[in-house]
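Novice: Just dropping this structure here.
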Amino acid sequence: MSVSSSTPAAVATAAPVVIPLSRSLVWLVGTAAFAALLYYFIGIDQGAVSVFGADAHVHEFVHDGRHFLGFPCH
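Going by my numbering, the sequence shown opens with residue 2, and the numbers climb by one from there.
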C-alpha cells in the first residue's frame, strides 16, 4: 500500500544563532571575572593572605576541594 501526497514535504533547515559582538563581550568578560574569582577563592586564598583578613572561613569551606584539584595549602 503506497501513500502519495500532492504537496511536497516541508524541509526544516537549521539557522545559526547570531549573537551580537557587544553581547558576546559582556558574556566573555563576565565569565572571565567569575573564573578569576573562583580561582582565587579555591586556589589562592590561604586565610593569612585572604581578602577578608585572617578569617579562614572561605579556606575551610573549600579545603577538601583544594586538595582534590591539586592545590597545596598549609
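Every residue, glycine too, gets a C-beta built ideally from N, C-alpha and C.
(1) Looking at C-beta atoms only, is the number of pairs between the stretch 55-67 and the stretch 32-39 that lie closer than 8 Å three or more?
(2) Contact defined as beta carbons within less than 8 Å: I believe PHE42 pairs with VAL19. What is the distance between those atoms, to the nearest angstrom?
(3) Whose CA, out of CYS74, ALA13 and LEU39, lies closest to the CA of GLN47?
(4) If GLY44 and PHE69 are in contact, beta carbons under 8 Å, what's the gap, nearest whole angstrom?
(5) Does DSSP put THR14 in a helix, a strand or coil?
(6) What is the DSSP secondary structure of GLY31, reduced to helix, strand or coil?
Specialist: According to the structure shown:
(1) no
(2) In the sequence shown, the residue the question calls residue 42 occupies position 41. In the sequence shown, the residue the question calls residue 19 occupies position 18. Not a contact, Cβ separation roughly 35 Å.
(3) Numbered from 1 along the sequence shown, position 46 holds the residue referred to as residue 47. That would be CYS74, whose Cα lies nearest to the Cα of GLN47.
(4) Taking the sequence shown and counting its residues from 1, one reaches residue 44 at position 43. Taking the sequence shown and counting its residues from 1, one reaches residue 69 at position 68. That pair is no contact at about 12 Å.
(5) As a position in the sequence shown, residue 14 is number 13, starting the count at 1. Coil at THR14, not helix or strand.
(6) Numbered from its first residue, the sequence shown carries residue 31 at position 30. GLY31 falls in the helix class under three-state DSSP.
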